[in-house]
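Protein chains in written order, with the working numbering: chain A, 1 to 255; chain B, 256 to 470. Reviewing the structure listed below.
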Amino acid sequence: MLKRRIIPCLDIRDGRVTKGIEFKNNIDVGDPVLLSCHYSDHGADEIVIYDIAASSENRPPDFSTIEAIAAKSFVPICIGGGIRDFSDASRCIASGAEKVSLNSIAPRKPELISEIANHFGVQAVVLSLDVLIDESCPSGYRLFVQGGRTATHWDMLSWIEFALPLGVGEICVNSINQDGKRSGYDLLLLQKLKAHVNVPVIMSGGAGNALHIVEAFKEGADAALVASIVHSGEITIRELKSRCADAAIPVRLDW
Amino acid sequence: MNTLKTVGILNYGAGNFGSVKRAVESLGVSPIEVKEPAELQFVERLIFPGVGSAQQAMSELKKRGFVEPLREFARSGKPLLGICVGMQVLGDWSEEGNTTCLGLLPFKVEKFNCKEPIPHMGWNSISWNQNHPNFSAASSQLAGDANFYFVHSYAAFINETENCPQHILGSTDYGPKRFCALVSQGSIWGAQCHIEKSGRVGLQLIENFLRWERS
């Protein structure tokens, strides 16, 4: 049986893993290569690396860090932040990533989705969405870019309906309202997405304890992105997965 | 890891060459990058990576003159391991682009036709065929319920009404479908899953292939 995935997310700034609350007030968490290696050896089903300053500094992600991580982490790696064109995406994959995550660039340059998907396959393209609750949008959520700082004209579901057929293998949705608050994922957001898409949905933003992750899986999330909850060391990925297994969620427990 | 044999990894532009190389290196083996058919003569054991489409892989192999040399390599009894698309093209035919493949193993590859999301992506377990002659060698030091990482839209499906073909070393279920996760016949091995990205258990399976000797 296909397992639900728990994916630690490493936000990188100035060569260090960092974590913010509602996308602000970042604190230092550690070295990206050491942390990736640790998580890949301790049950991470995948690792997501976001170079959070790359996009606003108009530079590609740090390829040497990707290479160093890939040399020691033998689970799939997804890179986001700073991918501006096909060449940046190719270099991420050549450096050892399996997937690239497109966020700010996608509404500006949707053809990039097709370019990457046509060459590397749709499984290599993760569409990352930062959304904020907005009652004026038909779906109730508005798409934001630039690390959640800039509103777009896109309603979340209109954007997905437009972008998915271009070649998206997975959707990773992050609730700006919930990010770093550790009060649980936005389950209404998850329900809306699952009702509209037939690609895996990675839920992000707000996990504060194991129960939050179990809830997201019960609502149909294919994967859960975790950051603060595991970076703080108060709970391990193994403990999270044991709790999921206790709740009859299929997870990978051997590694 | 102590291997007396030279290990080669075929580099024909497949996206996961680097990942396979890093995985092999992590086992303490320094592989040779095989970029031209003539280089196959220096190799005693070959890993054949693959990502993307079977059609694209076969077209790259043809362009680089690898098709016949690879068949000869396999016929000579030197161990060969295909990974993902590298496994798919070991078979006779793929529906993906109606592609004639290498014909080294008797299977055909078809697209998933089910309501589950495609590609089949993520960690899934393998049911081992314990009667397979290479079962013990392949599964050494692996738990029976170990999970491996899969990403694919096409597969060599197993028809339940027929007898289990001899080359099936392990099978995996996705929705109502059962397909070949691991194949092996003599010295020819194939893994549909990305064993280079399946954590420690994947590395163990690669090591088991590298240690395998014809009995």
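We treat Cβ as the ideally placed atom computed from N, Cα and C, and that holds for glycine.
Excluding its 5 nearest sequence neighbours in each direction, residue 310(B) has C-beta neighbours in its own chain below 6 Å: 351, 352 and 354, listed in chain order. If you compare the alpha carbons of 198(A), 231(A) and 188(A) with that of residue 215(A), the shortest gap goes to 188(A).
The DSSP-derived three-state label of residue 390(B) is helix. For residue 83(A), there is no enclosing alpha helix (DSSP H), as DSSP marks it with neither H nor E. Rounded to whole angstroms, the Cβ separation of residue 269(B) and residue 305(B) is 5 Å, and the two are in contact under 8 Å. Distance between residue 35(A) and residue 89(A), taken at the CA atoms: about 23 Å.
By the Cβ rule, the stretch 90–101 of chain A counts as touching the stretch 70–77 of chain A, because three or more pairs are nearer than 8 Å. Secondary structure of residue 402(B) (DSSP, three-state): strand. Looking from the CA of residue 447(B), the closest CA among 407(B), 467(B) and 414(B) belongs to 407(B). The beta carbon of residue 230(A) lies closer than 8 Å to those of 8, 39, 236, 237 and 240 in the same chain, with the five residues before and after it left out. Take the alpha-carbon of residue 435(B) and the one of residue 349(B): they are about 14 Å apart. For residue 71(A), the nearest CB of chain B lies under 8 Å from its own CB, placing it at the interface with that chain.
Interface criterion not met: the Cβ of residue 159(A) is under 8 Å from no Cβ in chain B.
Shown in chain order are the members of the stretch 280–312 of chain B whose Cβ falls below 9 Å from a Cβ of chain A: 280, 281, 306, 307 and 308. Within 7 Å of the CB of residue 458(B), the CB atoms of chain A belong to 74, in sequence order along the chain. Residue 393(B) and residue 456(B) do not touch by the CB rule: their CB atoms are close to 12 Å apart, not below 8 Å. At a C-beta separation below 7 Å, residue 278(B) has these neighbours in chain A: 74. The beta carbon of residue 228(A) sits closer than 7 Å to the beta carbons of 19, 180 and 182 from its chain, once the five residues preceding and following it are set aside; these are given in chain order.
Under DSSP, the beta-bridge partners assigned to residue 16(A) are 13(A). Interface with chain B (8 Å Cβ-Cβ cutoff): residue 123(A) is included. The beta strand (DSSP E) runs of length 3 or more contained entirely in the stretch 211–240 of chain A are, from start to end of the chain, 223–226. The CB of residue 40(A) comes closer than 8 Å to the CB of 454 in chain B, given here in chain order. Look at the beta carbons and you see the stretch 421–437 of chain B touching the stretch 373–390 of chain B: at least three pairs across the two are nearer than 8 Å. Counting only the Cα atoms, residue 106(A) lies some 19 Å from residue 196(A). Secondary structure at residue 313(B): helix, using DSSP grouped into helix, strand and coil.
Note that the C-beta distance between residue 278(B) and residue 461(B) is below 8 Å. 391(B) is the residue among 372(B), 409(B), 391(B) and 458(B) whose C-alpha sits nearest the C-alpha of residue 425(B). Residue 47(A) places its beta carbon 8 Å or farther from that of residue 81(A). Excluding sequence positions up to five before and after residue 168(A), its CB lies within less than 7 Å of the CB of 113, 122, 125, 127 and 199, all in the same chain and listed in chain order. Not flagged as an interface residue toward chain A: residue 315(B), since no C-beta distance is shorter than 8 Å.
Contact of residue 347(B) with chain A is not assigned, every C-beta pair being separated by 8 Å or more.
Considered as a whole, the stretch 42–86 of chain A harbours 47–51 and 77–80 as its complete beta strand (DSSP E) runs of no fewer than 3 residues, in chain order.
Residue contact with chain A for residue 425(B): absent (no Cβ-Cβ distance below 8 Å to any residue of chain A). A Cβ-Cβ separation of about 38 Å leaves residue 369(B) out of contact with residue 332(B) under the 8 Å criterion.
Within a 10 Å sphere around the beta-carbon of residue 27(A) sit fewer than 16 other beta-carbons, which makes this residue exposed.
If you look at residue 425(B), you'll find it in the beta strand (DSSP E) that goes 423–429.
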